[in-house]
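Quick notes on the structure that follows.
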RNA sequence: GUCGCAAUAGCUCAGCUGGAUAGAGCAACGGUCUUCUAAACCGUAGGUCGAGGGUUCGAAUCUCUCUUGCGACACCA
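Residue numbers (the UniProt record's numbering): 1 to 563.
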């Protein structure tokens with residue numbers, strides 16, 4: 001039986017109708033220290049109602065309450081503190097984890113509903129930077145969180161594979177580039193052209209006209225322009241795949257911006273037939289005054305489409321294809337206002353899933369407090385950071401565990417894990433001022449810390465050999481074990497919390513709490529000691545290992561058995 | 001200028017729908033490996049929770065004002 005309902009029932013009985021069960025359970029809180037029990041009821045709220053001092057009320061409740069099933073219930077000042085029956089509670093918890101395994105914490109809230117997730121979305125011909133890391137790993141983890149809550153996530157890489165930058169790129173390539181150069185080092189060369197374009201265009205504004213002309217040709221289906229575009233796209237994708245491989249992230253669809261080229265006219269037509277389009281300074285806009293927002297521009301004064309047009313086409317496509325339970329966008333917080341506009345336009349159009357649009361924003365990555373920008377060359381290449389981190393992991397292995405088999409593989413798991421975990425452990429809205437040293441920390445509250453706890457647990461299980469692990473015998477006397485049990489029991493709640501807040505960091509924090517509790521236990525208890533409690537301790541270690549691995553999996557981080 | 005997000009220990013951050021002495025991790029200092037991996041554990045030190053008002057039995061948490069920082073504010077994405 002769930003302990004919070006047990007506590008609520010006991011209180012409801014003792015309070016004799018002074019508070020409803022819902023009111024009681026809403027007021028229950030988790031005390032800060034073990035000395036204050038496992039769940040507590042503050043008597044303050046009843047003081048006015050009963051015209052008594054809260055201390056007195058707490059004492060009266062304790063006198064009346066039915067204590068069966070609890071270790072004890074006692075009044076401490078104005079609080080009623082409940083101490084759970086530890087052996088019963090741990091038996092139930094371990095039983096659940098061991099029988100359900102990695103499925104422990106799984107729920108059915110989403111009822112199988114589709115959730116397309118717009119994520120990662122790098123721009124063709126530009127390298128992936130730390131900014132893309134955020135959208136990629138947050139989106140990936142949210143997909144896992146959604147699945148854990150019974151939804152069906154659809155990870156969509158909304159590639160930036162269309163737009164005026166291709167005009168610039170083609171101009172740059174034709175002026176300063178060559179086929180051999182691009183083949184040798186695709187993205188770097190393409191970026192070079194792009195950066196040079198922006199440098200030279202300051203003194204030669206006619207370059208802009210050329211670029212506009214090339215993009216116009218591309219949109220008109222010009223063969224040469226199209227071939228170059230397709231080639232740049234292909235070369236870029238090859239490099240992106242390398243990064244996704246390292247991160248272990250896969251996608252269900254790669255419907256980039258170009259995918260919607262033939263779906264834009266319908267959007268314009270729909271808006272027109274709904275009488276939503278207005279002319280404003282030569283451009284076509286949707287008035288959003290009733291939403292208290294600026295108008296949303298759909299067509300430029302030269303008739304060209306915009307990002308907005310494309311995003312509406314995307315939402316429409318997702319609406320028809322998936323009938324989404326949510327339509328999620330993992331995009332930086334600087335686009336919050338923009339997505340409010342998109343949502344408002346969709347609502348005006350009466351698109352069924354308009355109110356399902358969820359923008360999941362995240363904070364900005366800066367360097368020395370400044371925004372990253374490909375043009376200015378102020379950029380941190382994701383690939384480089386991952387490689388540095390793996391190299392660092394390799395070094396650590398050489399120092400700490402030189403006999404480790406498959407060092408290369410483990411170094412990848414640990415190095416990449418450190419970066420991914422580092423991105424996910426804090427509130428996604430926090431801005432991050434990038435610092436390579438901070439990223440390459442493997443001690444304290446880091447991915448490797450959690451991985452290490454898992455590896456230690458696995459190591460013990462290996463040494464224990466082929467023993468039957470079950471939760472039958474649960475008499476663990478180690479005080480540190482209790483903290484572990486409580487964390488394990490808390491996991492299903494954390495899974496739901498992470499969904500409600502769209503916060504992978506809830507899972508990361510859980511994994512840290514569990515790893516910390518386990519490391520403490522490990523340091524103070526002789527787990528493999530040959531005594532009567534050994535099977536119970538092994539059941540605990542097995543449960544910890546399962547849950548550390550599972551919480552890391554939700555984050556998109558690997559959990560090596562040895563490191 | 002308007003709107004949004006933020007401000008907690010030297011640094012990076014936790015603090016759940018307001019509740020019992022404000023917590024971690026780094027960094028500093030001091031302990032712990034003949035015993036399950038020391039990427040670990042234990043301890044010491046470190047804070048008028050940006051400022052001021054309000055609501056409340058009770059505010060880091062809710063509300064208002066101000067200060068500071070970042071971001072957004074139609075022909076980029």
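All C-beta atoms in this analysis are idealised placements derived from N, C-alpha and C, irrespective of residue type, glycine included.
Treat the numbers as computed from the prediction; the structure is a model and nothing was measured.
The ligand ZN heavy atom lying under 7 Å from the CB of residue i
i	result
residue 36	The ligand ZN is absent from the structure shown, which contains no ligand whatsoever.
Residue i, buried or exposed, once every other Cβ within 10 Å from all chains shown has been counted against 16
i	result
residue 486	buried
residue 44	exposed
residue 186	buried
residue 418	buried
residue 289	exposed
residue 161	buried
residue 524	exposed
residue 498	buried
residue 402	exposed
residue 86	buried
residue 202	exposed
residue 398	exposed
residue 77	exposed
residue 465	exposed
residue 37	buried
residue 68	exposed
residue 118	buried
residue 313	buried
Straight-line Cα distance separating residue j from residue i
i	j	result
residue 82	residue 505	29 Å
residue 422	residue 143	18 Å
residue 11	residue 24	8 Å
residue 7	residue 321	47 Å
residue 233	residue 164	14 Å
residue 325	residue 319	10 Å
residue 565	residue 492	Residue 565 is absent from the structure shown; the chain starts at 1 and stops at 563.
residue 107	residue 490	14 Å
residue 41	residue 496	23 Å
residue 55	residue 80	9 Å
residue 114	residue 168	38 Å
residue 239	residue 301	36 Å
residue 413	residue 390	8 Å
residue 149	residue 502	12 Å
residue 180	residue 172	15 Å
residue 522	residue 134	34 Å
residue 198	residue 215	16 Å
residue 32	residue 39	10 Å
residue 457	residue 451	10 Å
residue 84	residue 494	20 Å
residue 176	residue 338	36 Å
Whole-number beta carbon distance between residue j and residue i, since they are thought to touch under 8 Å
i	j	result
residue 145	residue 507	7 Å
residue 299	residue 349	In fact, because the Cβ distance is near 15 Å, the residues do not count as touching under 8 Å.
residue 126	residue 374	5 Å
residue 455	residue 561	6 Å
residue 276	residue 286	5 Å
residue 416	residue 386	6 Å
residue 476	residue 90	7 Å
residue 235	residue 182	7 Å
Given residue i as reference, the closest of the options once Cα atoms are compared
i	options	result
residue 291	193, 347, 305	347
residue 362	343, 344, 375, 426	426
residue 124	73, 511, 170, 80	170
residue 511	527, 478, 479, 553	553
residue 442	478, 4, 400, 273	400
residue 420	306, 244, 329	244
residue 448	364, 557, 520	557
residue 515	480, 311, 416	480
residue 111	147, 95, 488	147
residue 483	518, 456, 466	518
residue 208	194, 488, 188, 312	194
residue 49	351, 27, 197, 19	19
residue 340	454, 537, 359	359
residue 315	156, 278, 192	156
residue 468	536, 313, 255	536
residue 342	310, 72, 91, 494	310
residue 527	488, 551, 478	478
* **Cβ pair count under 8 Å reaching 3, the stretch 540 to 550 against the stretch 455 to 466** => yes
* Asked: Is the stretch 96 to 110 touching the stretch 123 to 139, taking contact as three or more C-beta pairs under 8 Å?
  -> no
* To do: Pair every Cβ in the stretch 544 to 563 with every Cβ in the stretch 101 to 110, then say whether three or more of these pairs are closer than 8 Å.
  => yes
* To do: Say whether the stretch 375 to 383 touches the stretch 395 to 413, bearing in mind that this needs 3 or more beta-carbon pairs closer than 8 Å, one atom from each stretch.
  => no
* Asked: When the Cβ atoms of the stretch 12 to 19 are set against those of the stretch 56 to 68, are three or more pairs found closer than 8 Å?
  -> yes
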